[in-house]
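Below: the structure, in structure tokens.
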Amino acid sequence: MNLLTSQSISSVVLVEDHQLMRECLVRRLSDLSSLTVVGDYGSAEDFLAAFPQGPGSSVCLIDLNLPKMSGLALIADGVRQWPGFAAVAVTVWDHVRYAAQALQAGALGYVTKASPFSELVEAIQSASRGQKYICTEVARALKAHALYRTMDPVISSLSDREFEVFTLLGKGRAPKEIANELGVNYKTVSTYRARVMEKLQMKSNVDLIRLALEVDGQINRS
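In structure tokens:
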């Protein structure tokens, strides 16, 4: 069954620097009979050279982590230069701050590379109508980010970064894994964890992780 309806867009442009990922996406998208991939590029510069007047009505799937000019900068420039520019950020980054930055730059969609292909299709459909779409994984994280501010005042006293570390602990991540996910060193994570323990008056790591698990459960049930 075709995933795109007759009301969906007919063209997509892909900007992705990893060739294997780019070729796989082009192949999958080309399998959809009502959709045409009109171009795929390995950098923002190649994309801009190909579309000096903009991509028209095509939905642009843009990796945020591009060489030289970033995907975030490309999205912001496209929105500024071309009325109706429709971009969907497609990225490995699943953290709230990256999604917020992309949406603030003007992206109509945000999909992680860990998302099901069907979510990418939904993002394309939504962007073609001028509507926003955020993949389930990131939408849940954004919900958690907003929800925690209405919870226990002590928990809401955590900074965004402290709460990010706190919630990752609640998902069972080890400090080294958190450091890798956040792109910081292990000592930085340890510092944030210590601040969280102090603010929440936790006496041990076990108590901290237990509370983080409870909060994560409340968020997922809400």
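The sequence shown begins at 11 in the numbering used here and counts up one residue at a time. Glycine included, every Cβ here is placed at the ideal spot set by N, Cα and C. Bear in mind that the values here come from a model prediction, so they are computed numbers and not experimental data.
Notebook entry, point to check: How about residue 73 and residue 27: are their beta carbons less than 8 Å apart?
Noted result: yes
Item checked: Cβ contact check for the segment 120-128 and the segment 164-177: 3 or more pairs under 8 Å -> no
Next item on the list: Ignore the nearest five residues each way along the sequence and tell me which others in residue 102's own chain have a CB closer than 6 Å to its CB.
Entry: 123
Check: If you check the beta carbons only, do residue 141 and residue 118 fall under 8 Å apart?
Finding: yes
Item checked: Beta-carbon proximity check, residue 47 vs residue 84, cutoff 8 Å -> no
Next item on the list: Let me know if residue 59 comes out buried or exposed under the rule of 16 or more other beta-carbons within 10 Å of its beta-carbon.
Entry: exposed
Next item on the list: Only counting runs of 3 or more residues, tell me where the beta strand (DSSP E) segments fall wholly within the segment 97-140, in order along the chain.
Entry: 119-122
Margin query: According to DSSP, residue 88 sits in a beta bridge with which residue or residues?
Written below: In the DSSP output, where bridge partners are listed per residue, residue 88 has none listed.
Margin query: Please report the distance separating the alpha-carbon of residue 193 from that of residue 186.
Written below: 10 Å
Margin query: If distances are taken between C-alpha atoms only, which option among 183, 37, 108 comes closest to residue 45?
Written below: 37
Check: Per DSSP, what kind of secondary structure is residue 21 in: helix, strand or coil?
Finding: strand
Check: Can residue 143 and residue 133 be called in contact, C-beta distance under 8 Å?
Finding: yes
Next item on the list: Compute the Euclidean distance between the alpha carbons of residue 128 and residue 35, then round it to the nearest angstrom.
Entry: 12 Å
Note to self: Our contact map puts residue 64 next to residue 91 with C-beta atoms below 8 Å; I'd like the distance itself, whole angstroms only.
What the structure shows: 7 Å
Notebook entry, point to check: Which word fits residue 135, buried or exposed, when buried means at least 16 other C-beta atoms lie within 10 angstroms of its C-beta?
Noted result: buried
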